[in-house]
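S.K.:
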Amino acid sequence: MFPLERQNKMLELLKLKKVLKMTELKEELNISMDTLRRDIQSLVKQEKVEKIYGGIKLKESHFGESSMEERMVSNLQEKQSIAYTCSKFIQDGDCVFLDSGSTTYQIAKFLQNKKKLTVITNSFPVALELLNSDIELIIIGGKVRKEERSIVSYEYLFNFSQLNIQKAFICASGITLEKGISDYNVEEAITRKKMIELSSEIYVAADSTKFGKDVTVGIAPLSEIDHIVTDQNVDKTFTRAFEQINTNLIISPICN
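Residue numbering for the sequence shown follows UniProt numbering, beginning at 1 and increasing consecutively.
(1) Out of K146, D34, L131, L16, point me to the one whose CA is closest to G101's CA.
(2) Would you say the region 80-89 touches the region 213-226, given that touching needs at least three Cβ pairs under 8 Å?
(3) Look at the alpha carbon of D39 and the alpha carbon of R192, and state the distance between them as a whole number of angstroms.
(4) So, helix, strand or coil for C95, using DSSP?
(5) State the Cα-Cα distance for the pair K236 and N164, rounded to the nearest angstrom.
(6) Classify Q80 as helix, strand or coil using the three-state DSSP reduction.
(7) What number of angstroms, rounded off, separates the C-alpha of D94 from the C-alpha of L130?
(8) When we look at the beta-carbon of I245 and count the other beta-carbons within 10 Å, is it buried (16 or more) or exposed?
(9) Tell me where the alpha helix (DSSP H) around L14 begins and ends.
(10) Looking at the structure shown, is S61 part of a helix, part of a strand, or coil, going by DSSP?
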């Protein structure tokens, strides 16, 4: 198979699966890893694909929210380091909210050894991760948002004002000093607004690519956010700017 044929085959596969791992491509195309890397580099130069942790995805040709499948593997090392840092703020006996999102899903992986912990979530991946642990698990009842693997419209089945949530870990698609945190989906934003209102301490878990973006729906100004936990790639202009406001910017160390 000629290089152009292989590269077109990769693009066809990506249109079906959105994200492909290097090992999958190597097996599917029956080529060496060196040949695969050369083909991928060619597609990257043509701006047809983007490299992600352990694989590739189609380059986004429009602005909008990427799929949960894509976010689960993109910037994975950064998200793991953020999650590890967030887990250090969760103590035995806490009642915490873990938002739907690829970074908060990583937080769940670091909670298995916590004692007498209650986790409230609207995320199916978080719930499944904690299902066989000793953690008390509460799922928000409401409408299922299938593409996000989450539950929204909390008011359908449960009065959450009765809960004493010490810490909420919220995701965001955009963070700016002027507008605060934002997201693409109205229902997700409404759920996050409610959890911010009910929780004593608010953490936003977001990798550095979210900074400087103000997307579709505003969630909360920074004055309502206690801490933002991000990775070491955040631009220094933001770290300096956060020194002038009350929201605490926490830079997570690299997680080995």
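All C-beta atoms, glycine included, are put in the ideal place defined by N, C-alpha and C. It should be emphasised that the depicted structure is a prediction, and the values quoted were computed from it without experimental measurement.
M.R.: Well, looking at it:
(1) K146
(2) Counting C-beta pairs closer than 8 Å gives fewer than three between the region 80-89 and the region 213-226, which falls short of the contact rule.
(3) 42 Å
(4) strand
(5) 36 Å
(6) helix
(7) 15 Å
(8) Result: exposed.
(9) 3-17
(10) Low confidence applies here, because S61 scores a pLDDT of 49, under 50, leaving its location unreliable and the question unanswered by this model.
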